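Take any residue in the sequence shown, note its place counting from 1, add 21, and you have its number in the numbering used here. Glycine residues also receive a C-beta, built at the ideal position from the N, C-alpha and C atoms. Here the structure is a predicted model, which means the values were calculated and not measured. To keep things clear, I will list the structure first and then write my remarks on it.
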Amino acid sequence: MSQEMTVRPAIGKAVERVDGRLKVTGGARYAAEFKVAGITYGVLVMSTIGNGRIRSIDTGAALSASGVLAVITHLNAPRLSFPERPHTVDDYVAPAFGRSLPVLQDDTIYFNGQPVAIVVAETLEQAEYAATLVRVVYEERKPVTSLEAEMARAFPPQEGVGEKPPGRPADVVRGDPQALSKAEAVVDETYTIPIEHHNPMELLSTIAEWSGDKLTLHDKTQWVPNTQMHVAIVFGIPEEDVHVICPFIGGAFGSSLRPWSHPVVAAMAARMVRRPVKLVVTRKQMFSSHGHRPYTVQRVALGATRKGQLTAIVHEGTAQTSLYEENTENLVNATRMLYASPNCITKYRLVRGNVQTPLYMRAPGECSGVFALDSALDELAYKLKIDPLEIRIRNHAAADPENGLPWSSKSLLECYRRGAETFGWSRRTMEPRSMRDGRNLIGLGMATATYPMYRFPSSARARIFSDGTAVVQSSASDMGPGTWTTMKVIGAEALAMDLSRVRSELGDSTLPKAAVHGGSATTASVGSAVHEACLAARAKLLALASNDGRSPLHGTSAEQLDVADGRIFLKNDRARGETYNDILRRHGLDSIEATVESKPGDEREKFSMHAFGAQFIEVRVDSELGVLRVSRVVSVCGGGRIMNEKTARSQLIGGVVGGLGMALMEETVMDHRMGRFVNSSLAEYHVPVNADIPAIETFFVEERDDHVNPLGAKGIGEVSYVGVAAAVANAVFHATGKRVRRLPITLDKLL
Ligand code: MOS
Numbered sequence: 022m023s024q025e026m027t028v029r030p031a032i033g034k035a036v037e038r039v040d041g042r043l044k045v046t047g048g049a050r051y052a053a054e055f056k057v058a059g060i061t062y063g064v065l066v067m068s069t070i071g072n073g074r075i076r077s078i079d080t081g082a083a084l085s086a087s088g089v090l091a092v093i094t095h096l097n098a099p100r101l102s103f104p105e106r107p108h109t110v111d112d113y114v115a116p117a118f119g120r121s122l123p124v125l126q127d128d129t130i131y132f133n134g135q136p137v138a139i140v141v142a143e144t145l146e147q148a149e150y151a152a153t154l155v156r157v158v159y160e161e162r163k164p165v166t167s168l169e170a171e172m173a174r175a176f177p178p179q180e181g182v183g184e185k186p187p188g189r190p191a192d193v194v195r196g197d198p199q200a201l202s203k204a205e206a207v208v209d210e211t212y213t214i215p216i217e218h219h220n221p222m223e224l225l226s227t228i229a230e231w232s233g234d235k236l237t238l239h240d241k242t243q244w245v246p247n248t249q250m251h252v253a254i255v256f257g258i259p260e261e262d263v264h265v266i267c268p269f270i271g272g273a274f275g276s277s278l279r280p281w282s283h284p285v286v287a288a289m290a291a292r293m294v295r296r297p298v299k300l301v302v303t304r305k306q307m308f309s310s311h312g313h314r315p316y317t318v319q320r321v322a323l324g325a326t327r328k329g330q331l332t333a334i335v336h337e338g339t340a341q342t343s344l345y346e347e348n349t350e351n352l353v354n355a356t357r358m359l360y361a362s363p364n365c366i367t368k369y370r371l372v373r374g375n376v377q378t379p380l381y382m383r384a385p386g387e388c389s390g391v392f393a394l395d396s397a398l399d400e401l402a403y404k405l406k407i408d409p410l411e412i413r414i415r416n417h418a419a420a421d422p423e424n425g426l427p428w429s430s431k432s433l434l435e436c437y438r439r440g441a442e443t444f445g446w447s448r449r450t451m452e453p454r455s456m457r458d459g460r461n462l463i464g465l466g467m468a469t470a471t472y473p474m475y476r477f478p479s480s481a482r483a484r485i486f487s488d489g490t491a492v493v494q495s496s497a498s499d500m501g502p503g504t505w506t507t508m509k510v511i512g513a514e515a516l517a518m519d520l521s522r523v524r525s526e527l528g529d530s531t532l533p534k535a536a537v538h539g540g541s542a543t544t545a546s547v548g549s550a551v552h553e554a555c556l557a558a559r560a561k562l563l564a565l566a567s568n569d570g571r572s573p574l575h576g577t578s579a580e581q582l583d584v585a586d587g588r589i590f591l592k593n594d595r596a597r598g599e600t601y602n603d604i605l606r607r608h609g610l611d612s613i614e615a616t617v618e619s620k621p622g623d624e625r626e627k628f629s630m631h632a633f634g635a636q637f638i639e640v641r642v643d644s645e646l647g648v649l650r651v652s653r654v655v656s657v658c659g660g661g662r663i664m665n666e667k668t669a670r671s672q673l674i675g676g677v678v679g680g681l682g683m684a685l686m687e688e689t690v691m692d693h694r695m696g697r698f699v700n701s702s703l704a705e706y707h708v709p710v711n712a713d714i715p716a717i718e719t720f721f722v723e724e725r726d727d728h729v730n731p732l733g734a735k736g737i738g739e740v741s742y743v744g745v746a747a748a749v750a751n752a753v754f755h756a757t758g759k760r761v762r763r764l765p766i767t768l769d770k771l772l
C-alpha cells in the first residue's frame, strides 16, 4: 500500500468539533464532575505569610467541627518522596529544575498562598467551615517579591538548561560584541511585563480514590502520563498502579502542564481517610496553586544603518523564579532567529523570589520576548522614518541567523504582504497622531509572530473493527484546540475511511502514552503517532489479504495497491479488491490493531523549524479620556498543512484574544509588603470578554512543509499570540505618540 495516499477524505476540511455538543449540553465530564460513591471533600488551608516557617498549628477546633474526617498538616502527613526532576521527557515541558514543592512535608513557607493543611469532611460546606478554624502561628520573615529590588542578585540559569536544542543558555554572542557602539542609529529601551495568571474557566481539581494500593485520579491535566508518573514517584508505587483520567479540560493555557500539589494532597488525604476525596482549588487559591507568566524586565538595544538594516541586537532578559526551582522559558530565543543581523547578544538571568514557581503561559517566552523586540524595532522605524512593515521586510532572515540552517518552510513575506493588503496598511500615514476619526485618535500597528515547532515522542493505537468502524487512541489531553476532532480527522484520512466511521479516544493513562499537550505540539506529536498507527494497522490488513489464497488481493504488494473508503484495491484495476471488513471476517477477526511509538528523526539538525506570522492591529484612543479600544485585527500565519480548517481558525482567533488580554488587561498585582497578590479574582484580574473583542480576521497562507513532521502540519496554538502585544503597543504609539513599555497598556498610561 503506498504511503502517499491518493484519497483525502478528511484532512483540511472544516470539521465540527466532535465534543462540541457534549460541551454545550453539559455532557462533557470534567475532573470534579465524576460521580464517585462515598466521596468526601477536601479544602486547602493556605499560608497567609509570604516567607518564614510555621511555628505551630492548632487543628483541634477544626477536628471537632461536625463532619470533619481529618485535618492533615506537615505534622501528620506521610513522608513522601518528591523527585529532584519530576519531568524527564523533553525541554519544553521541563521548565523548572529543582525539587518540586514538598507539600505538607515540613514547616517552611516559600510563598504566600502555599498549602499548609487540608481539611477533609463529609460535605464541602463542612470542610470549608472547618478550614476557617485551623489556627497557624508563623515565624515571619520579610518576603522578597520584587524583581526590580533584587536585580543585583540576578544569576544565570544553572541547571538543566542549554543541554539540548532549543536550549536556554545564559549568554549567547554572535559576531562582533561591540557592534552596537558602531551602529549609525541606536534604540536602547527597557520593557516590563507583570505577572499574569492563566485563569482558565476550569479550576484545578482532582478526585482521588484508592482501591488497596491502586490509585485512580480524575485530574485536570495537560499531560496524563506525566501526572501518572509524578504521583507514582511521590508515593513510591508502580506507575501502572496509578490510573489518571482526564477526558476534557475547561481551558488551561499552560496552567496544567505539570502536576502541582493538589493531586498529591488529594491522594494523600484519600489514603488517610480511606475514602475518595474531591479537591477543587478555589479561584482565589488558583493564584498561588499553579505557576504564572513570570515577571520579566527586558532590555532591548538595536543598532542599524540609516537605511534600517540591523547591525546589532542586544537582548537582556531577566525573569523571576521561585526559591526552590529555576523556571526558564524562551524569553530571548526568538531574538536570535527572527531578524537578520550579523551581530547579536542575548543574556538570560533569573531572580529568586517568594513566589510559586512560574510556568509556561500562552506562547511562553516568545510572547514576552517578541513584545520587547518588536516594540524596539518599531521605535527604530520611527527614529529612521521608515515604515514599520518595511523595516521588517528589510530585515527578513532568509536562513536561520543563529545557525545558518535553512527553514523547513517559511512564508513570512507572504504573511506580511497578504496581511497588509487585507488590513489596508497602505492607507496608514507615518506620523503619530496623524490619523483621526472625530475625537478618536487612530493607530495602526503591526508585529511579527513566530513560534518554534516541537515534536515529542508519542504513542497511539489504531483499531479497525469488522463492523466497518475504527478507533484511534492516545492518552493525550484536549484543553480546547480540538484534539478529539483532529485525532479523528487524521485517523480517518490515514485509514482511508469515512469520517463518520472513525472515533477518537484520549485522556486516559491506560491508553498509549502521549506527549504533553502543550508547546503547540499535539498535532505534530500525537497526530503523527495516530497517522503512523493507522498506516501500521492498514499494513497488517494488507498482509493478511496478500497472504490469503481466498483474497482477490492474494500475492499483491503494497506498491500495487491503493485504499479508499475502507477498501483495498489494485491501482490499475480498481474493481479487484476487498473491504477491510471482508478481510477481517474471513479471518474470523473482530478487529485488527497496531500501536506505534512515533518519534522525530534528525530533521531538526538539518532544518530550522518555526511557524511565522504577522498581526496588524487598529486601535482607537479617545483623545480626551484616554479610553483605548482595539477596533480591528488581522492575524495571518503559515501553518503548514491544516488538519481541520475550522478548529485551526479558532486557534488563531483564540491567540489574538489571549494576546489582547496580555496587551491591555492582564496583570497580577503583588503587594510587596505581604508578598501577596491583591487581585486574585476574576473581578479584579481582567481577561477579555466578548465586548472587548473586535472583528478579528484570521487566515493561513498556503504553506507546504515536507520536513516538520509526517503530517506536514505546523503547531498553530501559540504563534497567533506572539505578536499581538507588540502590535497593540505599536498601534498605540501611532495613535498617541506615547510609547508604553510596561504591560498592560491601561488608560492611566495614556493620560
Ligand atoms: Mo501551553 S503554554 O504550551 O499549554
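When rounded, the separation of the alpha-carbon atoms in residue 77 and residue 498 is 41 Å.
Apart from the 5 residues on each side of it in sequence, residue 192 sits with its Cβ closer than 6 Å to the Cβ of 368 in its chain, given in chain order.
Under a 10 Å Cβ-count criterion, residue 176 is classified as exposed, with fewer than 16 other Cβ atoms of the shown protein chains found around its own Cβ. Look at the beta carbons and you see the stretch 487-506 not touching the stretch 445-465: under three pairs across the two are nearer than 8 Å.
DSSP places residue 686 outside any beta strand (DSSP E), giving it a letter other than H or E.
Annotated as distal: residue 476 and residue 246, with beta-carbon spacing of 8 Å or more. In this structure, residue 401 lies away from residue 513, with their beta-carbon atoms at least 8 Å apart.
Here residue 314 is buried. Its C-beta has 16 or more other C-beta atoms within 10 Å. Between residue 526 and residue 505, the alpha-carbon positions lie close to 7 Å from each other.
Residue 243 has its CB nearer than 7 Å to a heavy atom of the ligand MOS.
The beta carbon of residue 707 sits closer than 6 Å to the beta carbons of 686 from its chain, once the five residues preceding and following it are set aside; these are given in chain order.
With fewer than 16 other Cβ atoms from the protein chains shown falling within 10 Å of its own Cβ, residue 169 counts as exposed.
Going by DSSP, residue 436 is part of the alpha helix (DSSP H) stretching over 433-444. Around the beta-carbon of residue 449, 16 or more other beta-carbon atoms lie within 10 Å, marking it buried. Remark: fewer than three beta-carbon pairs, one from each stretch, lie closer than 8 Å, so the stretch 280-291 and the stretch 385-396 are not flagged as touching. With the rule of 3 Cβ pairs closer than 8 Å, the stretch 271-281 counts as touching the stretch 232-244. Annotation for residue 200: 324, 332, 333, 364 place their beta carbon closer than 7 Å to its own, counting only its chain and skipping 5 residues before and after.
No Cβ-Cβ contact shorter than 8 Å links residue 356 with residue 189. Nearest Cα to residue 238 within the set 220, 262, 339, 222: 262.
In the structure shown, residue 35 adopts coil according to DSSP, grouped into three states. Note on geometry: alpha-carbon atoms of residue 142 and residue 81 lie some 14 Å from one another. In this chain, the alpha helix (DSSP H) harbouring residue 404 covers 387-405.
A distance below 7 Å between beta-carbons, with the five flanking residues on each side excluded, links residue 715 to the following residues of its chain, in chain order: 651, 652, 653, 654. Here residue 474 carries a coil assignment [DSSP, helix/strand/coil]. Considering only 495, 467, 470, 743, the residue with the shortest C-alpha distance to residue 479 is 495. For residue 278, the Cβ falls inside the 7 Å cut-off from some heavy atom of the ligand MOS.
The beta-carbon separation of residue 378 and residue 433, rounded to 34 Å, does not stay under the 8 Å limit for a contact. In the three-state reduction of the DSSP assignment, residue 526 falls in the strand class. The beta carbons of residue 139 and residue 64 sit about 7 Å from each other, so the pair counts as a contact at 8 Å. CA-CA distance, residue 303 to residue 383, rounds to 22 Å. Look at residue 354 here: in three-state DSSP terms it is helix. With a cut-off of 7 Å, the C-beta of residue 742 is classified as distant from the ligand MOS, since no heavy atom of the ligand falls inside that distance. Nearest neighbour of residue 473 by Cα position, chosen from 771, 589, 737, turns out to be 737.
Contact check for residue 698 against residue 467 fails: the beta carbons are separated by 8 Å or more. Bridge pairing for residue 718: 655 [DSSP]. Rounded to whole angstroms, residue 482 and residue 565 show a C-alpha spacing of 19 Å.
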